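Single-structure report; data block below.
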Amino acid sequence: MRILLVSLKGGVGKTTTAVHLAGALAAKGKTLLVDADPAQGALEWATRGTGLPFDVVLPEDAKPKKYDFVIVDTRAQPKGKTLDEFTRKADLLICPTSPSALALETMPRLQAELEDLPYKALITLTPPPPSKDAARASQRLIDMEFPRFKTIMRRYAALEKAAIAGCLVSEIRDPRAMQAWADIQALTKEVLKK
Ligand SMILES: Nc1ncnc2c1ncn2[C@@H]1O[C@H](COP(=O)(O)OP(=O)(O)OP(=O)(O)O)[C@@H](O)[C@H]1O
Ligand SMILES: [Mg+2]
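This is the structure we're talking about:
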């Protein structure tokens, strides 16, 4: 299964989601994370820590046929034109968006570019209740008829700690780390249902 993370807006949680989805899928099969962002955020994540349960490589070093799951993290594409070879070959395109208006406003343009490819929005970085941001973002996506995951990736400091430590959030000592990991598990379940 090939899964690509894509967004027009930067900083919406592509790399965080890519690393953790790869971490969860690694329990199900051999998993490769391809870092197709020239900023190499995923590769640096892997280098900072010791031993993520999957391989992380640059596109030129990727041997995808050897893996059950291939996740591709991409750079934000403010000008669009995301449809390269990787995109066309993906079984699933995950389109993260934060609940901010600036991020949500880019989604119709992304949708127009992705045309008939198998894509789904993932709402990320939502504050805890009583904030209504998650519900509002969901409604916005419904209004634009943008398919979406039911799972919402809530905002947890533990996820930033994981990025700094170069590990998965499941290894972070933080009261909320397991809640963040539960979001990932729920997303993984939805991804595998496809
Ligand atoms: N669910 C979350 N909870 C808390 N912090 C998060 C969450 N998701 C992402 N972040 C933080 O938000 C910032 C941006 O996330 P990330 O790097 O994953 O986004 P991105 O879409 O890959 O960005 P870029 O477009 O720059 O590659 C990072 O500091 C990350 O740690
Ligand atoms: Mg990134």
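Those letters in the sequence shown? Residues 81 to 274, by the numbering used here. Ideal Cβ positions, reconstructed from N, Cα and C, are used throughout, including at glycine. The model shown is predicted, which means the values in this text are computed figures rather than measured ones.
Quiz item: Going along the chain, which residues of its own chain have a beta-carbon closer than 6 Å to the beta-carbon of Ala121, five neighbours each way excluded?
Solution: By one-based count along the sequence shown, residue 121 stands at place 41. Sequence check: residue 121 is Gly here, not Ala. Thr95, listed in sequence order.
Self-check item: Selection from Gln259, Val86 and Ala243 that minimises the alpha carbon distance to Ala116
Solution: As a working note, residue 116 is residue 36 in the sequence shown. It is Val86 whose Cα lies nearest to the Cα of Ala116.
Practice problem: Tell whether a beta-carbon distance below 8 Å holds between Thr167 and Leu88. | Solution: For the purposes of this step, residue 167 is taken as the residue at position 87 of the sequence shown. For the purposes of this step, residue 88 is taken as the residue at position 8 of the sequence shown. Contact: no.
Quiz item: Where Val271 and Leu194 are concerned, what is the direct C-alpha to C-alpha distance, given to the nearest angstrom?
Solution: Position 191 of the sequence shown, counted from the first residue, corresponds to residue 271. Position 114 of the sequence shown, counted from the first residue, corresponds to residue 194. So the alpha carbons of these two residues sit roughly 18 Å apart.
Quiz item: So is the beta-carbon of Thr186 under 7 Å away from any non-hydrogen atom of ligand 2?
Solution: Walking along the sequence shown from the start, residue 186 turns up at place 106. Not under cutoff, so the answer is no.
Quiz item: Cβ of Asp95 within 7 Å of any heavy atom in ligand 2?
Solution: To locate residue 95, count along the sequence shown from 1; it is residue 15. In the sequence as displayed, the identity of residue 95 is Thr instead of Asp. Yes, Cβ of Thr95 sits closer than 7 Å to a heavy atom of ligand 2.
Quiz item: With contact counted as at least three CB pairs below 8 Å, one residue from each stretch, are the stretch 101-113 and the stretch 213-227 in contact?
Solution: no
Quiz item: By Cβ distance below 8 Å, which residues in the same chain neighbour Gly91 in space, the five residues on each side in sequence not counted?
Solution: Here residue 91 is taken as the residue at index 11 of the sequence shown, counted from 1. Counting only Cβ-Cβ distances below 8 Å, and skipping sequence neighbours, we find Ala156 and Ser178.
Quiz item: By how many angstroms is the C-alpha of Ala98 removed from the C-alpha of Asp141?
Solution: For the purposes of this step, residue 141 is taken as the residue at position 61 of the sequence shown. For the purposes of this step, residue 98 is taken as the residue at position 18 of the sequence shown. Going from the Cα of Asp141 to the Cα of Ala98 covers about 18 Å.
Exercise. Spatial neighbours of Lys200 within its chain, please: CB distance less than 8 Å, with the 5 preceding and 5 following residues excluded, ordered by chain position.
Key: Locating residue 200 in the sequence shown gives position 120, counting from the first residue. Result list for Lys200: Leu172, Leu173, Ile174, Cys175, Pro227, Arg228 and Phe229, in chain order.
Practice problem: Measure the Cβ-Cβ separation of Ser218 and Ile203 and say whether it is below 8 Å. | Solution: Position 138 of the sequence shown holds residue 218. Position 123 of the sequence shown holds residue 203. Going by C-beta atoms, Ser218 is nearer than 8 Å to Ile203.
Quiz item: Taking just the CA atoms, how far does Lys273 sit from Glu124?
Solution: One-based indexing of the sequence shown puts residue 124 at position 44. One-based indexing of the sequence shown puts residue 273 at position 193. If you take the alpha carbons of Glu124 and Lys273, they lie about 30 Å apart.
Quiz item: Beta carbon of Gly246: closer than 7 Å to some heavy atom of ligand 2?
Solution: Here the question's residue 246 lines up with position 166 in the sequence shown. No.
Self-check item: Same chain, Cβ closer than 6 Å to Cys247, neighbours up to 5 away in sequence not counted
Solution: By one-based count along the sequence shown, residue 247 stands at place 167. Once the five neighbours on either side are set aside, the close Cβ partners of Cys247 are Gly129.
Quiz prompt | Own chain residues within Cβ distance below 6 Å of Ala257, not counting five before or after | solution = Mapped onto the sequence shown, residue 257 falls at position 177. Excluding positions up to five away in sequence, the list reads Ala238 and Val249.
Quiz item: Measuring from the CB of Tyr236, is there a heavy atom of ligand 1 at a distance below 7 Å?
Solution: Your numbering for residue 236 matches position 156 in the sequence shown. Because some heavy atom of ligand 1 lies under 7 Å away, the Cβ of Tyr236 counts as near it: yes.
Practice problem: Just the C-alpha distance for Leu101 and Thr186, rounded to the nearest angstrom, thanks. | Solution: For this step, residue 101 is matched to residue 21 along the sequence shown. For this step, residue 186 is matched to residue 106 along the sequence shown. Cα-Cα distance, rounded: 23 Å.
Practice problem: Whole angstroms is fine: what's the gap from Gln259's alpha carbon to Ile244's? | Solution: Sequence index remark: in the sequence shown, residue 259 carries index 179 (1-based). Sequence index remark: in the sequence shown, residue 244 carries index 164 (1-based). Going by the C-alpha atoms only, they are around 18 Å apart.
Self-check item: Neighbourhood of Phe149 by C-beta distance below 6 Å, restricted to the same chain and skipping five residues each side
Solution: Here residue 149 refers to the residue found at position 69 of the sequence shown. Answer for Phe149: Met81, Leu105, Gly109 and Thr111, listed in chain order.
Quiz item: Glu240: which of Lys169, Thr231 and Glu251 sits nearest, CA to CA?
Solution: The sequence position of residue 240 within the sequence shown is 160, counting from 1. Out of Lys169, Thr231 and Glu251, Glu251 has the C-alpha closest to the C-alpha of Glu240.
Quiz item: So, using beta-carbon positions, are Val114 and Val137 closer together than 8 Å?
Solution: Position 34 of the sequence shown, counting from 1, holds the residue named residue 114. Position 57 of the sequence shown, counting from 1, holds the residue named residue 137. In contact: Val114 and Val137 (Cβ atoms closer than 8 Å).
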